[in-house]
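What follows is a set of notes on a single structure, which appears directly below.
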Amino acid sequence: MGMSAFAETLNVGAYPGNPPWEYKNEQGGFEGFEVDLVNEIGKRLGADIVFQDLGFQAIFAAVSSGRIDMAISTISITEERLESQSFAQGHYDSDLALISKSDSGITNMDDMRGKVVGVLSSSVAEAWVNENNETVGFGEVRGYPEQQNLLLDVRSGRLDGAVGDLAGYQYAFQQTPGLSILTNIPTGDRFGIMMPKDSPNLERVNEAISEIKKDGTLAKIHAKWLGVEPALTSATVTVLDIP
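Quick note, the sequence shown lines up with residues 1025 to 1267 if you use the working numbering.
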């Protein structure tokens, strides 16, 4: 960080129960994809980064009141949020994906006609499956309260496939072999760093993110945490405007 004794401090709010994006290690320090991104921003701006452990809802109040300078925690950039907060350019496309057992014979969404699909209950994926059920013609939709059992049922063949968060699958597949991502389903959602409305830090944080994308650092962070390179057209490598 800066050599000066008067290095500026940027306070960053983060919800710790969100691996691989942000979580606490055994020493109580923050780690993860978005933690690496923010630490890199601090390095480029010569600022000290101090993480504050906050509940997901509490993050929004802390940004609004200016108690924190930035917030991370897979926060999607939405029109509604932009009315009361500012966001730096998106750094990750929050797409969905269709997965199946690697040897299931299912290769794409068309093959899911008449088949059993699993989703996390109350997720974006569940909404997508319900909206597209008529087009695809799933045989049955099964909701699961958490990811682990969903993945086990895909692996055992109790589910023909599942639709869910692409990054969640990429992360889980590092520990759960035998499963394949068959197709990406773009949602148009992007995660971004949230800041107080018209924050004085917005332009320079955004500029730092542009540099971090351009020199390949963010692609390396993606590979480190998700086990795969980002798509070349993705928000992880493409410089974008401030939303």
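Built from N, CA and C at the ideal position, the CB exists for glycine as well. What you are looking at is a predicted structure, and each value in this text was computed from that prediction instead of being measured.
Original post:
Is L1226 helix, strand or coil by DSSP?
Top reply: Correct three-state label for L1226: helix.
Subject >> Any non-hydrogen atom of the ligand COA closer than 7 Å to H1115 Cβ >> reply: The ligand COA is absent from the structure shown, which contains no ligands of any kind.
Original post:
If you draw a straight line from the alpha carbon of I1083 to that of V1059, how long is it in whole angstroms?
Top reply: The straight-line gap separating the alpha-carbon atoms of I1083 and V1059 is approximately 15 Å.
Original post:
For K1244, which three-state DSSP category applies?
Top reply: Three-state result, K1244: helix.
Original post:
So which of V1252, L1250 and R1228 has the shortest CA-CA distance to G1070?
Top reply: Closest option to G1070, Cα to Cα, is R1228.
**OP:** Have a look at the DSSP bridge pairing and note the partners of K1048.
**Re:** Beta-bridge partners of K1048 (DSSP): F1054.
**OP:** Mind checking which residues open and close the alpha helix (DSSP H) that includes Y1193?
**Re:** Run containing Y1193: L1190 to F1197, per the alpha helix (DSSP H) assignment.
Original post:
What separation, rounded to the nearest whole angstrom, lies between the Cα atoms of D1072 and E1064?
Top reply: Looking at the two C-alpha atoms, the distance is approximately 10 Å.
**OP:** Quick one: grab the DSSP three-state call for V1165.
**Re:** The three-state reading of DSSP puts V1165 in strand, counting E and B together.
Subject >> Beta carbon of M1219 nearer than 8 Å to that of L1226 >> reply: Yes; because the gap between Cβ atoms is below 8 Å, this pair is in contact.
**OP:** Look at the Cβ atom of V1141, then the Cβ atom of D1189, and state whether they are nearer than 8 Å.
**Re:** In this structure, V1141 lies away from D1189, with their beta-carbon atoms at least 8 Å apart.
Original post:
From N1132 to L1034, what distance separates their C-alpha atoms?
Top reply: Going from the Cα of N1132 to the Cα of L1034 covers about 45 Å.
Subject >> Neighbourhood of A1247 by C-beta, 6 Å cutoff - its chain only, sequence neighbours within 5 removed >> reply: Around A1247: E1253.
**OP:** Express the C-alpha separation of V1036 and P1267 in angstroms, rounding to a whole number.
**Re:** Straight-line measurement puts the Cα of V1036 at about 20 Å from the Cα of P1267.
Original post:
Out of curiosity, what's the CA-to-CA distance linking S1223 and Y1195?
Top reply: Whole-angstrom Cα-Cα distance: 33 Å.
Subject >> Exposed unless 16 or more other CB atoms sit within 10 angstroms - verdict on A1085 >> reply: Exposed, because fewer than 16 other Cβ atoms sit within 10 Å of the Cβ of A1085.
Original post:
What residues in its chain sit with their C-beta under 7 Å from that of E1055, if we drop five residues either side in the sequence?
Top reply: The answer, listed in chain order, is Y1047 and N1049.
**OP:** Run the CB neighbour count on Q1109, radius 10 Å, all protein chains shown included, and call it buried at 16 or more, exposed below.
**Re:** Taking a 10 Å sphere around the C-beta of Q1109, we find 16 or more other C-beta atoms and assign the residue as buried.
Subject >> Stretch pair the region 1088–1101 + the region 1157–1170: three plus CB contacts closer than 8 Å >> reply: Cβ pair count under 8 Å is below three, so no.
Subject >> Spatially closest choice to V1178 from S1147, D1135 and S1128, by CA coordinates >> reply: Ranked by Cα distance from V1178, the first of S1147, D1135 and S1128 is S1128.
Original post:
Excluding the five sequence neighbours on either side, which residues of its own chain have a C-beta within less than 7 Å of the C-beta of T1241, listed in chain order?
Top reply: Within the same chain, T1241 has close Cβ partners E1064.
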